[in-house]
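> Protein chains in written order, with the working numbering: chain B, 1 to 193; chain S, 194 to 661.
Idealized CB from N, CA, C, for every residue including glycine.
What you are looking at is a predicted structure, and each value in this text was computed from that prediction instead of being measured.
#1: In three-state DSSP terms, what is residue 624 of chain S?
#2: Across which residues does DSSP place residue 269 of chain S in a beta bridge pair?
#3: So is residue 620 of chain S buried or exposed if we call it buried at 16+ other beta carbons inside 10 Å?
#4: Contact defined as beta carbons within less than 8 Å: I believe residue 379 of chain S pairs with residue 401 of chain S. What is the distance between those atoms, to the nearest angstrom?
#5: Excluding the five sequence neighbours on either side, which residues of its own chain have a C-beta within less than 6 Å of the C-beta of residue 62 of chain B, listed in chain order?
#6: Using a Cβ-Cβ cut-off of 7 Å, state whether residue 165 of chain B counts as contacting chain S.
#7: Restricting to Cα atoms, I'd like to know which of B:170, B:81 and B:75 is closest to residue 13 of chain B.
#8: By DSSP's criteria, residue 637 of chain S is part of a beta bridge. Which residues make up the other side?
#9: Beta-carbon within less than 8 Å of residue 264 of chain S's beta-carbon, same chain only, minus the 5 sequence neighbours each way: which residues are those?
#10: Which residues bound the alpha helix (DSSP H) around residue 350 of chain S?
#11: With contact counted as at least three CB pairs below 8 Å, one residue from each stretch, are the stretch 554-564 of chain S and the stretch 460-470 of chain S in contact?
#12: Interface residues of chain S around residue 106 of chain B at Cβ under 8 Å?
#13: Given this structure, state the Cα-to-Cα distance separating residue 534 of chain S from residue 87 of chain B, to the nearest angstrom.
#14: Please report whether the beta-carbon of residue 444 of chain S lies at a distance below 7 Å from any beta-carbon of chain B.
#15: Chain S beta carbons: is any one of them nearer than 7 Å to that of residue 146 of chain B?
#16: Mind reading off the beta-carbon distance from residue 152 of chain B to residue 163 of chain B? Whole number of angstroms is fine, and I expect it under 8 Å.
#17: Give every residue of the same chain whose Cβ lies closer than 7 Å to the Cβ of residue 194 of chain B, excluding the five residues on either side of it in the sequence, and list them in chain order.
#18: Alpha carbon to alpha carbon, what distance is there between residue 624 of chain S and residue 566 of chain S?
#19: My assumption, with CB atoms under 8 Å, is that residue 388 of chain S sits in contact with residue 456 of chain S. Please give the rounded CB distance.
#20: Answer yes or no: does any C-beta atom of chain B fall closer than 7 Å to that of residue 612 of chain S?
#21: Less than 7 Å between the beta carbons of residue 259 of chain S and residue 239 of chain S, yes or no?
#22: Please list, in chain order, all residues of the same chain as residue 278 of chain S whose beta carbon is under 8 Å from its beta carbon, the five residues on each side excluded.
#23: Closest to residue 364 of chain S by CA distance: which of S:514, S:435 and S:396 is it?
#24: Roughly how many whole angstroms lie between the Cα atoms of residue 130 of chain B and residue 89 of chain B?
#25: Could you tell me whether the Cβ atoms of residue 127 of chain B and residue 92 of chain B are closer together than 7 Å?
#26: For a cutoff of 7 Å on Cβ pairs, would you count residue 589 of chain S as touching chain B?
#27: Count Cβ pairs between the stretch 436-450 of chain S and the stretch 534-546 of chain S that sit closer than 8 Å; are there 3 or more?
#28: Quick one: does residue 22 of chain B have its CB under 7 Å from some CB of chain S?
#29: Kindly list the residues whose CB is nearer than 7 Å to the CB of residue 486 of chain S, restricted to its own chain and excluding five residues on each side of it in sequence; keep chain order.
#30: Indicate whether the contact test is met: 3 or more Cβ pairs, each with one atom in the stretch 487-499 of chain S and one in the stretch 327-342 of chain S, closer than 8 Å.
#31: Could you check whether residue 249 of chain S and residue 426 of chain S sit closer than 7 Å to each other, using their CB atoms as the reference points?
#32: Quick one: does residue 41 of chain B have its CB under 7 Å from some CB of chain S?
#33: When you compare only the Cα positions, how much space is there between residue 390 of chain S and residue 228 of chain S?
#34: Could you check the C-alpha separation between residue 628 of chain S and residue 242 of chain S for me, to the nearest Å?
#35: Measure the Cβ-Cβ separation of residue 290 of chain S and residue 473 of chain S and say whether it is below 7 Å.
#36: Going by beta-carbon coordinates alone, are residue 585 of chain S and residue 489 of chain S separated by less than 7 Å?
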């Protein structure tokens, strides 16, 4: 199948498919590794241990596929066109970023051509620009109350610096203008030097 | 309001409230969530001193005070839906873990899942009313995820119809369970069951560890706090040493496996039933990870539109740091991940509820899929989220290091997910065991169902060459 199974990077269904094929390929690889180890007259337990890196990778690919699939399926339930559009951009970004980070797996399985890695990088840049105007609205949608978020940097009103200063002033070290350690240690030290 | 952040909100191309409704699974749920949030946040009983400025013992003390108030308020407002209880709790404790987490999240669910009707009569209402405060003591100092390696023993004595619970070695001392150190007076203890001279593997026992009135440790019990940790400052993770402690036969959780009066052992219908509570927690962890990442992204992205730094065009004013492509490249993939994991959290919770419903009706067919999926997704999401929060912290530059950003606290309270309820590599290997087994079944011509069904599909059928 290598060379024929080329992914359409702008089509989410196609991205789900390549994640599925990557998972299948890595499960197959791990299963073959166990068989090879067994062929060397290793016990099943040792064959398993000697294939553990491949096995973890296979599980990781399976989970990654399930996440991409569930995200894509969720889009099918969203009727608001503006929200569908922005979530679709996020889903593509999630899927393409994963392909880029694991491009070796996809290329090894014949699911991705070298030239497509560059295309994916370019597409990711486009998606970043598309998301930029909606970035704050996308995090606002999580709807965290300020008290619950409990973060000076993440305040809804964006008044970071004045509150950062106010927060610092509450530090117990600021309870007195002169900390007792000055009188206990530094001042006596001075007299000894 | 900061003018930059006002402008950002004006630029959005979609309605924020509609998306919030989607994330909450409906406008009614959004409304109810906000009602609960408002109940807590407007309640002076839940005011707190900033924990960043408190010592650990003070943080524990403050958390216990709030937990006690929380239990009363839950009754007062008649909040009984488990999801609403969890949300109320997360508002009270601002998403920090708290001393009653194990009681509410593991002890009660274990009773619900594994106790007989008689045991429910004996334990549930006292536990519901906090007369019994329980935890779930599984991990030992020398043993973690590999449950068959646990050393604690429960030996049945037919003469007295009691189990003798014992920690035979130092490495068998129970270690890490939340709430065990100072809060709980009972523990569900996982121990190797011995009866009629035969070991029948791991089973769960309800062990009283402190006097119900005085709260003093009971004879044969050594119990305490394991000390400061990486985060989790509000929780008294504890140790427990059992020195030939005798408990009645009826304290073994016997909904599935049983020990008769004479010591005859009756096997459960499935070995995996023992781990139902862990599977429940693993399925919650996926959503919890998503929430931690969503919070981190909220902090880092809002800050990135307020913060101005350096230059893109020489001579022009300092731009918002979110206008730098590198900042977008750090944060937007994580925002996408937060959404992906949020939807995944909803999916795994629904799957858990559906399959446990089937299990309660006697259908165990999808249990292996649930175990494999919850283990793998718990590992996959917690690994990814731990790294992602660190990226968010760094994306906030110097201020990300301040505890005022909340990012250090989010990080230290979420990374333990990588090791508790199963160390992640071991979780991944459990998933792999199911995948390889399914692959071999597919090769042998068997039909597969669930998320692994693709392993039975012919490779070339699905992906056709696409135009570039």
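Inspection of the coordinates gives the following:
#1: Along the second chain, read from residue 1 onward, the residue named residue 624 of chain S stands at position 431. Three-state result, residue 624 of chain S: helix.
#2: Here residue 269 of chain S refers to the residue found at position 76 of the second chain. Beta-bridge pairing links residue 269 of chain S to no other residue.
#3: In the second chain, counting from the first residue as 1, residue 620 of chain S sits at position 427. Its Cβ being crowded by 16 or more others within 10 Å, residue 620 of chain S is buried.
#4: Translated into positions along the second chain, residue 379 of chain S becomes position 186. Translated into positions along the second chain, residue 401 of chain S becomes position 208. That pair is a contact at about 5 Å.
#5: Looking up residue 62 of chain B in the first chain gives position 62. Here the set comprises 23.
#6: Your numbering for residue 165 of chain B matches position 165 in the first chain. No, its Cβ sits nowhere closer than 7 Å to a Cβ of chain S.
#7: What you label residue 13 of chain B is simply residue 13 of the first chain in a count that begins at 1. Of the listed residues, the one whose Cα sits closest to residue 13 of chain B is B:75.
#8: Reading the second chain from its first residue, position 444 is the one you call residue 637 of chain S. BP columns for residue 637 of chain S are empty, so no partner.
#9: Translated into positions along the second chain, residue 264 of chain S becomes position 71. 293 and 323.
#10: As a first step, residue 350 of chain S must be located in the second chain, where it is residue number 157. First-last for residue 350 of chain S: 346-350, but that is the beta strand (DSSP E), not the alpha helix (DSSP H).
#11: yes
#12: By one-based count along the first chain, residue 106 of chain B stands at place 106. Residues of chain S passing the Cβ test: none, with the nearest at roughly 12 Å.
#13: The residue you call residue 534 of chain S lines up with position 341 of the second chain. The residue you call residue 87 of chain B lines up with position 87 of the first chain. Taking the straight line from one Cα to the other gives about 13 Å.
#14: Residue mapping note: residue 444 of chain S aligns to position 251 of the second chain, counting from 1. So, not an interface residue.
#15: On the first chain, residue 146 of chain B is found 146 positions in, with the first residue counted as 1. Not an interface residue.
#16: Numbered from its first residue, the first chain carries residue 152 of chain B at position 152. Numbered from its first residue, the first chain carries residue 163 of chain B at position 163. Confirmed, Cβ separation roughly 5 Å.
#17: There is simply no residue 194 of chain B to check, as chain B begins at 1 and stops at 193 in what is shown.
#18: Residue 566 of chain S sits at position 373 when you count from the first residue of the second chain. Residue 624 of chain S sits at position 431 when you count from the first residue of the second chain. Approximately 7 Å, taken between the alpha carbons.
#19: Here the question's residue 388 of chain S lines up with position 195 in the second chain. Here the question's residue 456 of chain S lines up with position 263 in the second chain. Rounded, the Cβ-Cβ distance is 4 Å, consistent with contact.
#20: Residue 612 of chain S sits at position 419 when you count from the first residue of the second chain. Not closer than 7 Å to any Cβ of chain B, the Cβ of residue 612 of chain S fails to qualify, so no.
#21: Taking the first residue of the second chain as position 1, residue 259 of chain S is located at position 66. Taking the first residue of the second chain as position 1, residue 239 of chain S is located at position 46. Yes, the pair counts as a contact, with Cβ atoms nearer than the cut-off.
#22: Taking the first residue of the second chain as position 1, residue 278 of chain S is located at position 85. Taken in chain order, the residues that qualify are 267, 272 and 297.
#23: Residue 364 of chain S sits at position 171 when you count from the first residue of the second chain. Ranking the options by Cα distance to residue 364 of chain S, first place goes to S:435.
#24: One-based indexing of the first chain puts residue 130 of chain B at position 130. One-based indexing of the first chain puts residue 89 of chain B at position 89. For residue 130 of chain B and residue 89 of chain B, the distance between alpha carbons rounds to 8 Å.
#25: As a first step, residue 127 of chain B must be located in the first chain, where it is residue number 127. As a first step, residue 92 of chain B must be located in the first chain, where it is residue number 92. Yes, the pair counts as a contact, with Cβ atoms nearer than the cut-off.
#26: By one-based count along the second chain, residue 589 of chain S stands at place 396. Chain B contact via Cβ: present.
#27: no
#28: Here residue 22 of chain B refers to the residue found at position 22 of the first chain. No, its Cβ sits nowhere closer than 7 Å to a Cβ of chain S.
#29: Stepping through the second chain from its first residue, residue 486 of chain S is reached at position 293. Around residue 486 of chain S: 527, 530, 531, 534, 578, 581 and 582.
#30: no
#31: In the second chain, the residue the question calls residue 426 of chain S occupies position 233. In the second chain, the residue the question calls residue 249 of chain S occupies position 56. Contact: yes.
#32: For the purposes of this step, residue 41 of chain B is identified with residue 41 of the first chain, where counting begins at 1. Answer no: the Cβ-Cβ gap between residue 41 of chain B and chain S never drops below 7 Å.
#33: Numbered from its first residue, the second chain carries residue 390 of chain S at position 197. Numbered from its first residue, the second chain carries residue 228 of chain S at position 35. Their backbone Cα atoms lie some 57 Å apart in a straight line.
#34: As a working mapping, residue 628 of chain S is identified with position 435 in the second chain. As a working mapping, residue 242 of chain S is identified with position 49 in the second chain. Rounded to the nearest angstrom, the two C-alpha atoms are 49 Å apart.
#35: For the purposes of this step, residue 290 of chain S is identified with residue 97 of the second chain, where counting begins at 1. For the purposes of this step, residue 473 of chain S is identified with residue 280 of the second chain, where counting begins at 1. Their beta carbons are not under 7 Å apart, which means residue 290 of chain S does not touch residue 473 of chain S by this criterion.
#36: Along the second chain, read from residue 1 onward, the residue named residue 585 of chain S stands at position 392. Along the second chain, read from residue 1 onward, the residue named residue 489 of chain S stands at position 296. Yes. Within cutoff.
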